[in-house]
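Below: one structure, written as structure tokens.
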Amino acid sequence: MTDSAVLWFRRDLRLGDLPALLAASARAPRVLGLFVLDDALLRPAGPVRTAFLHGCLAALNEQLDGRLLIVKGRPDEVVPRVAREFGASSVHISSDTGPYGRERDLLVSSEVELVATGSPYAVAPGRVLKDDGTPYKVFTPFHRAWERHGWRTPAETGADLVEWIDPQGFADRLSTGSSTVDGVNLPEPGEQAAVTAWERYRERLGDYPKTRDRADLSGTSRMSAYLRWGCVHPRTLLAELEERDEVYRKELCWREFYADVLWHRPETARRNFDRRFDNIEYDQDEDRFAAWQQGRTGYPIVDAGMRQLLAEGWMHNRVRMIVASFLVKDLHLPWWWGARHFMRHLVDGDLASNQHGWQWTAGSGTDAAPYFRVFNPTSQGEKFDPDGDYVRRYVPELRDVPGGKVHQPWKLPVAPAGYPAPLVDHAEERALALARYGAIKA
DNA sequence: TTTTGAGTTGTTCGA
DNA sequence: GTCGAACAACTCAAA
């Protein structure tokens, strides 16, 4: 037993149910909390996710009575230096199972003793395997095996477990950056906010199966940003679900499935999971891409979604599928263009869920949508935003169009001022998409 | 090894 | 308006 240890926070910005903290406390009575602002990690993130991160760091710092050490730099340089400086013999982490995190941790572990305890998942990626020892490629059997595997109950941890080392005077110490972005409505950051949001949502969990697909209602839990930064662990949520919450539990499992897929196939963060789709013909139309990004396609549900993304750093899950289908199958643009845009703007942007969600839409992923499954943006709008409230909330040009009529503005006697005509004809583009997908099968 | 049942999220067409 | 079938085979998982 030595005197002190480092707890290096990454995507586990909390103190409750944190096994790495338990492990650190078993090694040393005095612990230094560290976060490394790593350019490589933050590069794909835009101002929104960065601001939310800073908010979470500020909240964590407050929980530690101002003793969180934030340092900018390369982890393989910063972490060993900090450990040396504070006389720590071990550095404790929760595993990061993404492609970048794995390489980074391998590099750091050649310099210091890196002790990994726990992961951001109820079941760590790589644990659920088929009887023959190979990973699952289809969700439903993975889900069955994942439920069978099970997970621990939440660990009892908290700030009072150790004495936190005060890093006052450490030369490179930074304070947290801004936790706001002009014009963007972000969720309240931090562990306490996550717990409060979850407690409030729990009362409405029973409605989840009925309302989760409705863009106009607040039927989803909006825990994604908190799960992204580990303000709360999925185990904590799972422990409070009941039998009847199967649909919600399944959604948490999707997050674990995609993390598992990325663990086994790290290259699929950039490339098609199914390499046969490398031959699909995509267009390279920057103007159409810009119209999609800005929410000026002339299809109201698509434009509302893209504008919600810019206004809130978040988009309703159903609408994410609609805009993704539109980019890939109506505009014929590469899925990774859309994936990159999402990763830049989403406050909950998670590499595994994002890249594989996009590949599902594009047809190139695990358990992919059959290629003939092309979302119709008009009927999806009418189905999941029946009164048009969602569209009017984000598209002011259509604010005076009543009810569900808002989904087909081109049918109105007078075209709404300032709103664009449809960028493409859906029926035509659908036929073209089917033809291109059919071509690679031949 | 072989066989069998099944596979997130949809649309369109024709009866 | 409502309903079922077609869309297309193919791969996966497990018995």
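Residue numbers (numbering that gives the first Met the number 0): 0 to 441.
Quick reminder that beta carbons are idealized off the backbone N, C-alpha and C, glycines included.
The structure displayed is predicted, hence computed values, not measured ones.
- List the residues that DSSP assigns as beta-bridge partners of Trp163. In the first sequence, the residue the question calls residue 163 occupies position 164. Val30.
- Label Trp145 either buried or exposed according to how many other C-beta atoms from any shown protein chain fall within 10 Å of its C-beta, with 16 as the threshold for buried. Here residue 145 is taken as the residue at index 146 of the first sequence, counted from 1. The residue in question, Trp145, is buried, as its Cβ has 16 or more Cβ neighbours within 10 Å.
- Message: In the DSSP assignment, the beta strand (DSSP E) including Ile279 goes from what residue to what residue?
- Response: For the purposes of this step, residue 279 is taken as residue 280 along the first sequence, with counting starting at 1. No beta strand (DSSP E) holds Ile279; DSSP gives it neither H nor E.
- Message: Tell me the DSSP secondary structure of Ser3 in three-state form.
- Response: Counted from its first residue, the first sequence places residue 3 at position 4. Here Ser3 sits in strand by DSSP.
- Item | C-beta contact flag for Ala303 and Val394 at 7 Å | Taking the first sequence and counting its residues from 1, one reaches residue 303 at position 304. Taking the first sequence and counting its residues from 1, one reaches residue 394 at position 395. Yes, the pair counts as a contact, with Cβ atoms nearer than the cut-off.
- Task: Just grab the DSSP bridge partners of Lys71 for me.
- Result: Taking the first residue of the first sequence as 1, we reach residue 71 at position 72. BP columns for Lys71 point to Leu36.
- Message: Rounded to the nearest angstrom, what separates Trp291 and Asp212 at their Cα positions?
- Response: The residue you call residue 291 lines up with position 292 of the first sequence. The residue you call residue 212 lines up with position 213 of the first sequence. Taking the straight line joining both Cα atoms gives about 22 Å.
- Task: For the beta strand (DSSP E) holding Ser88, just list the boundary residues, first then last.
- Result: The residue you call residue 88 lines up with position 89 of the first sequence. It spans Ala87 to Ile92 - the beta strand (DSSP E) in which Ser88 sits, taken as one unbroken run.
- Message: By the DSSP assignment, the alpha helix (DSSP H) with Leu350 in it spans what residues?
- Response: Locating residue 350 in the first sequence gives position 351, where the first residue counts as 1. Leu350 to Ala361 is the extent of the alpha helix (DSSP H) around Leu350.
- Out of curiosity, what's the CA-to-CA distance linking Gly364 and Trp336? Looking up residue 364 in the first sequence gives position 365. Looking up residue 336 in the first sequence gives position 337. The straight-line gap from Cα to Cα measures roughly 16 Å.
- Message: For a test of the three-state rule: what should DSSP assign to Leu226, helix, strand or coil?
- Response: On the first sequence, residue 226 is found 227 positions in, with the first residue counted as 1. In the structure shown, Leu226 sits in a helix (DSSP, three-state: H, G or I).
- Item | Extent of the continuous alpha helix (DSSP H) to which Ala58 belongs | Mapped onto the first sequence, residue 58 falls at position 59. Ala58 -> alpha helix (DSSP H) spans Pro46 to Gln62.
- Quick one, are the C-beta atoms of Ser220 and Tyr200 less than 7 Å apart? Taking the first residue of the first sequence as 1, we reach residue 220 at position 221. Taking the first residue of the first sequence as 1, we reach residue 200 at position 201. Yes, these two residues count as a Cβ contact at 7 Å.
- How many Å lie between Gly356 and Asp366 at the Cα? Position 357 of the first sequence, counting from 1, holds the residue named residue 356. Position 367 of the first sequence, counting from 1, holds the residue named residue 366. Cα-Cα distance, rounded: 10 Å.
- Whole angstroms is fine: what's the gap from Gln62's alpha carbon to Pro369's? For the purposes of this step, residue 62 is taken as residue 63 along the first sequence, with counting starting at 1. For the purposes of this step, residue 369 is taken as residue 370 along the first sequence, with counting starting at 1. Their Cα atoms are separated by approximately 48 Å.
- Under the three-state reduction of DSSP, which class applies to Gly106: helix, strand or coil? Numbered from its first residue, the first sequence carries residue 106 at position 107. The sequence given here has Leu at residue 106, not Gly. Looking at Leu106 - three-state DSSP - the assignment turns out to be helix.
- First and last residue of the uninterrupted alpha helix (DSSP H) at Val322: For the purposes of this step, residue 322 is taken as the residue at position 323 of the first sequence. From DSSP, the alpha helix (DSSP H) with Val322 extends over Asn316 to Ser324.
- So is Trp228 buried or exposed if we call it buried at 16+ other beta carbons inside 10 Å? For this step, residue 228 is matched to residue 229 along the first sequence. It counts as buried.
- With DSSP collapsed to three states, give me the class of Phe256. Along the first sequence, read from residue 1 onward, the residue named residue 256 stands at position 257. Correct three-state label for Phe256: helix.
- Message: I need the straight-line Cα distance from Met0 to Ala115, nearest angstrom please.
- Response: As a first step, residue 0 must be located in the first sequence, where it is residue number 1. As a first step, residue 115 must be located in the first sequence, where it is residue number 116. A caution first: Met0 carries a pLDDT of 47, below 50, which makes its placement in the model unreliable, though a value can still be read off. Going from the Cα of Met0 to the Cα of Ala115 covers about 18 Å.
- Query: beta strand (DSSP E) containing Val114: first to last residue?
  - Reply: Taking the first residue of the first sequence as position 1, residue 114 is located at position 115. Taken as a continuous stretch (DSSP letters only), the beta strand (DSSP E) holding Val114 covers Leu113 to Ala115.
- Task: Assign Val400 to one of three DSSP states: helix, strand, or coil.
- Result: Counting from one through the first sequence, the residue named residue 400 turns up at place 401. Val400 falls in the coil class under three-state DSSP.
- Message: Which of the three DSSP states is assigned to Phe8 in this structure?
- Response: In the first sequence, the residue the question calls residue 8 occupies position 9. It is a strand residue.
- Query: Using the beta-carbon count (16 or more within 10 Å), is Trp446 buried or exposed?
  - Reply: This structure cannot speak to residue 446, because the chain is shown only from 0 to 441.
- Does the beta-carbon distance from Leu12 to Ala121 come in below 7 Å? Mapped onto the first sequence, residue 12 falls at position 13. Mapped onto the first sequence, residue 121 falls at position 122. Cβ atoms of Leu12 and Ala121: not closer than 7 Å.
- Message: Residues in the same chain with beta-carbon distance under 6 Å from Val180, minus the five sequence neighbours each way, listed in chain order, please.
- Response: Reading the first sequence from its first residue, position 181 is the one you call residue 180. Excluding positions up to five away in sequence, the list reads Pro46, Val47 and Ala50.
- Task: For Leu128, name the three-state secondary structure that DSSP assigns.
- Result: The residue given as residue 128 occupies position 129 in the first sequence. Reduced to three states, the DSSP call for Leu128 is coil.
- Task: Could you have a look at Val231 and say whether DSSP puts it in helix, strand or coil?
- Result: As a first step, residue 231 must be located in the first sequence, where it is residue number 232. Three-state DSSP puts Val231 in coil, outside helix and strand.
- Whole-number beta carbon distance between Ala23 and Val161, since they are thought to touch under 8 Å: Locating residue 161 in the first sequence gives position 162, counting from the first residue. Locating residue 23 in the first sequence gives position 24, counting from the first residue. Val161 to Ala23, Cβ: 7 Å. Contact.
- Task: For Tyr436, name the three-state secondary structure that DSSP assigns.
- Result: Working through the first sequence from its first residue, we reach residue 436 at position 437. Three-state result, Tyr436: helix.
- For Gly437 and Leu185, the rounded distance between their alpha carbons: Reading the first sequence from its first residue, position 186 is the one you call residue 185. Reading the first sequence from its first residue, position 438 is the one you call residue 437. So the alpha carbons of these two residues sit roughly 42 Å apart.
- Assuming Thr267 and Ala323 make a contact with CB atoms under 8 Å, what is their CB distance in whole Å? For the purposes of this step, residue 267 is taken as residue 268 along the first sequence, with counting starting at 1. For the purposes of this step, residue 323 is taken as residue 324 along the first sequence, with counting starting at 1. So it is not a contact: roughly 17 Å between Cβ atoms.
- Which residues DSSP lists as bridging Val183, in chain order: Against the first sequence, residue 183 aligns to sequence position 184. Paired residue(s): Val180.
- N-terminal and C-terminal residue of the alpha helix (DSSP H) that Lys209 is part of: Position 210 of the first sequence, counted from the first residue, corresponds to residue 209. Tyr207 to Thr210 is the span of the alpha helix (DSSP H), which, as asked, contains Lys209.
- Query: For Asp2, does the count of other Cβ atoms within 10 angstroms reach 16, so buried, or fall short, so exposed?
  - Reply: For the purposes of this step, residue 2 is identified with residue 3 of the first sequence, where counting begins at 1. Classification for Asp2: exposed.
- N- and C-terminal bounds of the alpha helix (DSSP H) containing Gln292: Position 293 of the first sequence, counted from the first residue, corresponds to residue 292. Glu285 to Gln293 is the span of the alpha helix (DSSP H), which, as asked, contains Gln292.
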